[in-house]
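So the sequences go chain by chain: L and C. Counting along the first sequence from 1, when you hit position 246 you're at 246 in full-length UniProt numbering, and nothing is skipped either side. Counting along the second sequence from 1, when you hit position 186 you're at 186 in full-length UniProt numbering, and nothing is skipped either side. Using N, Cα and C, we set each Cβ at its ideal position, and we do this for glycine too. Report on the following structure.
Number of protein chains: 2
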Amino acid sequence: MTALENKFRKLATDNAPGQEVRQNDSSLASLTLGEALPGIQVDFSHGDVDAFEPTPGSLERFVEGVHIGGKRAYTEYRGDSQIREKLAVRLGDFTGASIASHQQLILTPGSQGALFLAIATTTSAGDKVAIVQPDYFANRKLVEFFDGEIVPVSMDYLANDKSAGLDLSQLEDAFKAGAKVFVFSNPNNPAGVVYSAEEIAIIAQLAERYGVTVIVDQLYSRLLYSNESYTHLCAQPVIPENLITIMGPSKTESLSGYRLGVAFGSAHIINRMEKLQAIVSLRAGGYSQSVLQGWFSEPAGWMEERIRLHQAIRDDLINAFSAIDGVAIRCPQAGSYLFPRLPELRLRSEDFVRVLRHQANVIVTPGTEFSPHATQSVRLNFSQDHQAAIKAVERMATLIGRYRK
Amino acid sequence: MTALENKFRKLATDNAPGQEVRQNDSSLASLTLGEALPGIQVDFSHGDVDAFEPTPGSLERFVEGVHIGGKRAYTEYRGDSQIREKLAVRLGDFTGASIASHQQLILTPGSQGALFLAIATTTSAGDKVAIVQPDYFANRKLVEFFDGEIVPVSMDYLANDKSAGLDLSQLEDAFKAGAKVFVFSNPNNPAGVVYSAEEIAIIAQLAERYGVTVIVDQLYSRLLYSNESYTHLCAQPVIPENLITIMGPSKTESLSGYRLGVAFGSAHIINRMEKLQAIVSLRAGGYSQSVLQGWFSEPAGWMEERIRLHQAIRDDLINAFSAIDGVAIRCPQAGSYLFPRLPELRLRSEDFVRVLRHQANVIVTPGTEFSPHATQSVRLNFSQDHQAAIKAVERMATLIGRYRK
Chain L
1 MTALENKFRK LATDNAPGQE VRQNDSSLAS LTLGEALPGI QVDFSHGDVD
51 AFEPTPGSLE RFVEGVHIGG KRAYTEYRGD SQIREKLAVR LGDFTGASIA
101 SHQQLILTPG SQGALFLAIA TTTSAGDKVA IVQPDYFANR KLVEFFDGEI
151 VPVSMDYLAN DKSAGLDLSQ LEDAFKAGAK VFVFSNPNNP AGVVYSAEEI
201 AIIAQLAERY GVTVIVDQLY SRLLYSNESY THLCAQPVIP ENLITIMGPS
251 KTESLSGYRL GVAFGSAHII NRMEKLQAIV SLRAGGYSQS VLQGWFSEPA
301 GWMEERIRLH QAIRDDLINA FSAIDGVAIR CPQAGSYLFP RLPELRLRSE
351 DFVRVLRHQA NVIVTPGTEF SPHATQSVRL NFSQDHQAAI KAVERMATLI
401 GRYRK
Chain C
1 MTALENKFRK LATDNAPGQE VRQNDSSLAS LTLGEALPGI QVDFSHGDVD
51 AFEPTPGSLE RFVEGVHIGG KRAYTEYRGD SQIREKLAVR LGDFTGASIA
101 SHQQLILTPG SQGALFLAIA TTTSAGDKVA IVQPDYFANR KLVEFFDGEI
151 VPVSMDYLAN DKSAGLDLSQ LEDAFKAGAK VFVFSNPNNP AGVVYSAEEI
201 AIIAQLAERY GVTVIVDQLY SRLLYSNESY THLCAQPVIP ENLITIMGPS
251 KTESLSGYRL GVAFGSAHII NRMEKLQAIV SLRAGGYSQS VLQGWFSEPA
301 GWMEERIRLH QAIRDDLINA FSAIDGVAIR CPQAGSYLFP RLPELRLRSE
351 DFVRVLRHQA NVIVTPGTEF SPHATQSVRL NFSQDHQAAI KAVERMATLI
401 GRYRK
């Protein structure tokens, strides 16, 4: 097998959210027990933008962009300067950081685009990169693609409730061992937990002390539930010299179809990211960039209502999972992910996920996408129709009962 | 300097089309002679989508995509299957190749996205890659980014008129020397010349014989002028085992603001490209994908009229350049680029380009972006307002006279 073949074999996407349609399910019959459970399909692999629609006015802003014409179709690679100026102020207000729009901010095709550019511009072959387990699967895949070496840092989110549960001594060990980059999501994807103020302060101090580049993916930081608090690393009194913060309106604001994200932070990394974006995709879609004019400027009360509705679903699903014998789950503090650990089953986790889709019309993402150790966990994005989600978790409960050891 | 610093230093974008706004022009005063020439700005660095508007119905198709909602926002990473089915038939009709929509076609964010994925999935560190001089600047930059080794193959477009002028013995030498990949644009960007049927047949045969992967960027192949013929490599009787063809509606169809491209060809490379797209940008913008439903299905006569209007501009500008003492130029057979070689000037080519912008309000791209040997050439995209383009070339002629040796 050539190096390239091996690299792309590891970059498997068969179990990635949304790719289930490409699986060959011919071998499934030998695994299933009992009858199928009827019910409306719920695809927990991503949020349902029909249940939670895009921010009001988004399409109108896109159409405005089309009418602006060439100036909006062909922006600087890092994005339209007027839009960056507006966003720099709003993101500064939200995070508490100071952001120079001309030097420290880039618009990207989705926050995935930002994450790709951030890792590509900071990681060389052989570089050690600290990765949380569990965390967003693309972090690991991107480091592997650029031939970096992953140094795992564990997060025991189930054993903690006042912090995310990151093992900070493991993190320092990784830095001592020469990790050049630390990439993590906050709130954590898949567990939905938020790093405490103390954890963020220590991460910032350690990274500064050891000269580690930090990439923090804050994609879900706006969807923060009542009585929770959030600490922005970029606004800490001590921050690492190389720090990139990633956000985007694809999730809470349901704007994924427009492919928009942003990264802000250290100017020389943003510069590199722009140079790379020039040969990867040129720029975030020009007309789509116009949609960002409405970001952090939603109608009064809109975001509060969106959070309230998600919190109600969260609470019902947490109750439902907690009632299933043998399930361990922590209530998410932000975002729309649940990451229950299931009891031991007679099937491998990946096979249970396939059975669940075929017998219960319920799509979830296997935990092993997020950590090699999360063999009993599955991820659900609960940004769904409320009643359909409850029914779907009832069907899950039935199948967990049917397949447990 | 670290390896990463060096890599991104080489990935310079300061002279790239559209990035002029980021240049520091403080040193310009010492270079300029005489007075500025008044006139409407013409930005020849890219096509003017206000002068040549997007295909009729494009925005309406986008809006339809938004109304389809979640199903269109979250397609497979390689793009919506129904849209791929339609396009596979149309691209097959256009090129003469047989394209399996499920296995051999991927939708990407712009044709730039397709080019990035194609090179990233076929080029490893140390691999030799044959690159035409001159050719699209991203070809070279992408190979450098993936630490490939460039093997230049020269194309003497000025000395030929029945063929593009590729040095086929140099190409075979490159293949003999172990080149793994050959990437080229047809029609050539920047020179606008089309490879002859014989050139394409020989390229296909040589690549097949030496086991070389071929990536052919056919972005401008629809904008073919009267009495010209075009040969699709993918429809040759003998083709290399690994072949990717890239197209997109960003240029002729003026849809750049929607960021759409396609790649089709060898299924295992398309598979890799999808896996990589999953961590680079997830997918071409979901709603934008809907716009592709109108591609190769434009209103009757629309494409013919677009070609006729471009041909009229081409002919006027060719006449204008041919009248300038010391300019060498070849009439483009397809696309909307001119690549005149200017007489020797008292300024470096990059400085003349800056002076031209400041004194004449005319933006062109320096030839050295396309070949290290094209120090006297500049590229113009003449998809512009016809009269404004003529006036701009008159101002260029005045400044060429003013600055020539």
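Could you spell out where the alpha helix (DSSP H) holding residue i opens and where it closes?
i              : result
Gly265(L)      : Note, Gly265(L): premise wrong, no alpha helix (DSSP H); beta strand (DSSP E) at 261-265.
Glu208(C)      : 197-210
residue 406(C) : There is no way to answer for residue 406(C), as the model of chain C reaches only from 1 to 405.
Asp217(L)      : Note, Asp217(L): premise wrong, no alpha helix (DSSP H); beta strand (DSSP E) at 213-217.
Pro176(L)      : Note that residue 176(L) corresponds to Lys in the displayed sequence, not to Pro. Residues 168-176.
Met247(L)      : Looking at the DSSP string, Met247(L) is not in any alpha helix (DSSP H); the run it does join, the beta strand (DSSP E), is 243-247.
Gln112(L)      : 110-120
Phe146(C)      : First-last for Phe146(C): undefined, no H or E at that position.
residue 448(C) : The question about residue 448(C) has no answer, for chain C in this structure spans 1 to 405.
Phe321(L)      : 302-322
Val181(L)      : Note, Val181(L): premise wrong, no alpha helix (DSSP H); beta strand (DSSP E) at 181-185.
Thr398(C)      : 386-403
Determine the contact status of residue i and residue j, defining contact as a CB-CB distance below 9 Å.
i              : j         : result
Leu107(L)      : Asp80(L)  : yes
residue 412(C) : Tyr157(C) : Lying outside 1 to 405, the shown extent of chain C, residue 412(C) is not represented and no answer is given.
Ile246(L)      : Val280(L) : no
Arg259(C)      : Ser266(C) : no
Phe184(L)      : Leu166(L) : yes
Phe62(C)       : Phe296(C) : no
Gly39(C)       : Ala300(C) : no
Tyr287(L)      : Arg72(L)  : yes
Ala51(C)       : Gln311(C) : no
Ala118(C)      : Ile318(C) : no
Gly248(L)      : Val66(C)  : no
Glu199(C)      : Ser163(C) : yes
Asn188(C)      : Met155(C) : yes
Over what stretch of residues does the beta strand (DSSP E) that includes residue i continue unbroken?
i              : result
residue 406(L) : Nothing in the structure corresponds to residue 406(L), since chain L is present only between 1 and 405.
Arg379(C)      : 378-381
Phe94(C)       : Looking at the DSSP string, Phe94(C) is not in any beta strand (DSSP E); the run it does join, the alpha helix (DSSP H), is 81-95.
Leu282(C)      : Per DSSP, Leu282(C) belongs to no beta strand (DSSP E) and is neither H nor E.
Ser297(C)      : Counting along the chain, Ser297(C) falls outside any beta strand (DSSP E), and DSSP gives it neither H nor E.
Val63(L)       : No beta strand (DSSP E) holds Val63(L); the alpha helix (DSSP H) holding it covers 58-68.
Phe44(L)       : That residue, Phe44(L), is in no beta strand (DSSP E); it is neither H nor E in DSSP.
For a contact defined as C-beta to C-beta under 8 Å, what are the partners of residue i on chain L?
i         : result
Arg222(C) : Within 8 Å Cβ-Cβ: nothing; Arg222(C) doesn't reach chain L, min ~19 Å.
Leu59(C)  : Val63, Val66
Thr121(C) : Leu4, Phe8
Residues of chain C with a CB under 7 Å from the CB of residue i: which are they?
i         : result
Gly69(L)  : Val49, Asp50
Ser73(L)  : The identity of residue 73(L) in the sequence shown is Ala, whereas the question assumes Ser. Here the neighbours are Val49, Ser256, Gly257.
Leu282(L) : Gly110, Gln112
Ser124(L) : Ala3, Leu4
Name the chain C residues whose beta carbon is nearer than 8 Å to that of residue i?
i              : result
residue 406(L) : Within the shown structure, residues of chain L are numbered from 1 to 405, placing residue 406(L) beyond reach of any answer.
Quick one: which chain L residues come within Cβ less than 9 Å of residue i?
i        : result
Gln19(C) : Glu76, Tyr77, Glu274, Ala278
Show which residues of chain L have a CB atom less than 7 Å away from the CB atom of residue i.
i         : result
Tyr287(C) : Gly257, Tyr258
Thr252(C) : By Cβ distance, chain L contributes nothing, its closest Cβ being about 14 Å from Thr252(C), past 7 Å.
Ala16(C)  : Ala278
Under 9 Å between beta-carbons, which chain C residues line up against residue i? List them in chain order, please.
i         : result
Ala267(L) : Under the 9 Å cutoff, chain C gives no residues; its nearest Cβ is about 12 Å from Ala267(L).
Closer than 7 Å, Cβ to any Cβ of chain L: which residues of the stretch 91-118 of chain C, in chain order?
-> Pro109, Gly110, Gln112, Gly113, Phe116
Residues of the stretch 290-312 of chain C with a CB closer than 7 Å to any CB of chain L: list them in chain order, please.
-> none
Name the residues in the stretch 24-56 of chain L whose C-beta lies less than 9 Å from a C-beta of chain C; which are they?
-> Asp43, Ser45, His46, Gly47, Asp48, Val49, Asp50, Ala51, Glu53, Pro54
Check each residue of the stretch 348-370 of chain L: if its Cβ is closer than 9 Å to any Cβ of chain C, include it; give the result in chain order.
-> none
Indicate whether the contact test is met: 3 or more Cβ pairs, each with one atom in the stretch 7-17 of chain C and one in the stretch 363-383 of chain C, closer than 8 Å.
-> yes
Taking a Cβ distance cut-off of 9 Å, strictly less, list which residues of the stretch 383-394 of chain L are near chain C, in chain order.
-> none
Three or more C-beta pairs below 8 Å linking the stretch 117-136 of chain C and the stretch 358-365 of chain C | no
If contact means a Cβ-Cβ distance below 8 Å, which residues of the stretch 320-350 of chain L contact chain C?
-> none
Mind listing which residues of the stretch 219-249 of chain L have their C-beta closer than 9 Å to chain C's C-betas, in chain order?
-> none
If you measure beta-carbon to beta-carbon, which residues of the stretch 132-165 of chain C are closer than 7 Å to chain L?
-> Ala138, Lys141, Leu142, Phe145
Count the CB pairs spanning the stretch 211-229 of chain L and the stretch 168-187 of chain L that are closer than 8 Å, and state whether there are at least three.
-> yes
Count the CB pairs spanning the stretch 385-404 of chain L and the stretch 30-44 of chain L that are closer than 8 Å, and state whether there are at least three.
-> yes
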